[in-house]
Amino acid sequence: MGTAAMLRAAGVGVGDEVIVPAFGNAEVAEAVVLAGALPVFADIDPATYCLDPSAVEAAVGPRTAALVAVHRFGRPADMRRLLDIGHRRGLLVLQEGESEAPYDEIAQRRQRAGYLDARLRGVRTPDGGNGHTYQQYVVRVPGNGRPDRDAFARAVRARGVDCRVPVKTPVHRMPDFRRCVALPETERAAHETLALPVDAALTKRDMQRIVSACNALGGLLQPAF
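With positions in the sequence shown counted from 1, the corresponding number in the numbering used here is that position plus 85.
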């Protein structure tokens, strides 16, 4: 059952608000609209890229009926705190995750992530934390926002490394969902994040190429810490 159907089945519809993240694709917000409700955007935790429970708590209003947590890049949302908010405020709590890989593939991705964690310079490596499966290995390129990240990405690609911007436009800035809302961590993540490959098929030479390409550029940017 999809998110829209689950919301409708729980009686969520016209006149209700549903708290969702803006960092990611528009599918969750679209599901809320399909159910007849209004999506309300809350900010993310900068370490997990998932809904920040404190921001969710602040976004709860008299019309709030539900919240939808999205697990991002293989890092789970803080469901304990989000479920607690739901329990205390009488909200339906739904969660959406990415399709998961077999255990041996996850183990290989974690191994490659550990290799990059230990060797990358000039970028902020991911906070591995609670059960990270590295669906994507997302670093932050420090600097003054998008121009630095985008220039870094172009230069890394020119060195033979496949990388991509995971979220180009937060949902609250898309024409169909534009909101005047302060989401500083969402904005910062959209400007700074870059996904590097950690696929199980990568060879040691591939991993060395990633490190070499990134570290050759890291010194051109301000220090990560």
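Cβ coordinates follow ideal geometry from the N, Cα and C atoms, glycine included.
### Message
Measuring only the C-alpha atoms, how far is residue 145 from residue 104?
### Response
Counted from its first residue, the sequence shown places residue 145 at position 60. Counted from its first residue, the sequence shown places residue 104 at position 19. Straight-line Cα distance between these residues: approximately 8 Å.
### Task
Enumerate in chain order the residues of its own chain whose CB-to-CB distance from residue 155 is below 8 Å, with the five nearest sequence positions on each side excluded.
The sequence position of residue 155 within the sequence shown is 70, counting from 1. Within the same chain, residue 155 has close Cβ partners 105, 106, 109, 113, 135, 136, 162, 180, 181 and 182.
### Task
Below 8 Å CB to CB, which residues in the same chain sit around residue 244 once its five sequence neighbours on both sides are set aside?
Here residue 244 refers to the residue found at position 159 of the sequence shown. 294, 297, 298 and 301, listed in sequence order.
### Query
Does DSSP put residue 125 in a helix, a strand or coil?
Here the question's residue 125 lines up with position 40 in the sequence shown. DSSP places residue 125 in strand when its eight states are reduced to three.
### Message
If you follow the beta strand (DSSP E) that residue 160 is in, where does it begin and where does it stop?
### Response
Residue mapping note: residue 160 aligns to position 75 of the sequence shown, counting from 1. It is not in any beta strand (DSSP E) - residue 160 carries neither H nor E in the DSSP assignment.
### Query
How would you label residue 141, buried or exposed, when you count the other beta carbons within 10 angstroms and need 16 or more for buried?
Sequence index remark: in the sequence shown, residue 141 carries index 56 (1-based). Residue 141 should be labelled buried.
### Query
Which partner residues does residue 180 have in the DSSP bridge list?
As a first step, residue 180 must be located in the sequence shown, where it is residue number 95. Partner(s): 154.
### Message
Determine whether the beta carbon atoms of residue 272 and residue 255 lie at a separation below 9 Å.
### Response
On the sequence shown, residue 272 is found 187 positions in, with the first residue counted as 1. On the sequence shown, residue 255 is found 170 positions in, with the first residue counted as 1. Yes.
### Query
Which residues mark the beginning and the end of the beta strand (DSSP E) in which residue 102 is found?
The count along the sequence shown starts at 1 and reaches residue 102 at position 17. Element bounds for residue 102: 102-106.
### Query
Helix or strand or just coil, what does DSSP make of residue 309?
In the sequence shown, counting from the first residue as 1, residue 309 sits at position 224. Unreliable positioning characterises residue 309 in this predicted model, as indicated by a pLDDT of 39, which lies under 50. The coordinate reading is nonetheless provided below. Reduced to three states, the DSSP call for residue 309 is coil.
#### Entry: Cutoff 6 Å; reference residue 275; Cβ partners in own chain excluding five residues on either side
The sequence position of residue 275 within the sequence shown is 190, counting from 1. Non-local beta-carbon contacts of residue 275 in its own chain, meaning distances under 6 Å to residues more than five positions away in sequence, involve 252 and 255 in chain order.
### Query
Do you know offhand how far residue 206's Cα is from residue 102's?
The count along the sequence shown starts at 1 and reaches residue 206 at position 121. The count along the sequence shown starts at 1 and reaches residue 102 at position 17. Answer to the nearest angstrom: the Cα atoms are 43 Å apart.
### Task
Give the single residue among 204, 208, 198 and 228 whose Cα lies nearest to the Cα of residue 214.
Taking the first residue of the sequence shown as 1, we reach residue 214 at position 129. Per the Cα distances, 198.
### Query
Beta carbon of residue 237, beta carbon of residue 283: below 9 Å?
For the purposes of this step, residue 237 is identified with residue 152 of the sequence shown, where counting begins at 1. For the purposes of this step, residue 283 is identified with residue 198 of the sequence shown, where counting begins at 1. Going by C-beta atoms, residue 237 is not nearer than 9 Å to residue 283.
### Query
In three-state DSSP terms, what is residue 241?
As a working mapping, residue 241 is identified with position 156 in the sequence shown. Of the three classes helix, strand and coil, the one that applies to residue 241 here is helix, per DSSP.
### Query
Which word fits residue 249, buried or exposed, when buried means at least 16 other C-beta atoms lie within 10 angstroms of its C-beta?
Within the sequence shown, numbered from 1, the residue matching residue 249 stands at position 164. Under this definition residue 249 is an exposed residue.
### Query
With 16 as the cutoff for other CB atoms within 10 Å, does residue 288 come out buried or exposed?
The residue you call residue 288 lines up with position 203 of the sequence shown. When all chains shown are included, residue 288 counts as exposed.
### Local conformation of residue 119 per DSSP, three classes
The sequence position of residue 119 within the sequence shown is 34, counting from 1. DSSP places residue 119 in the helix class (H, G or I) of the three-state scheme.
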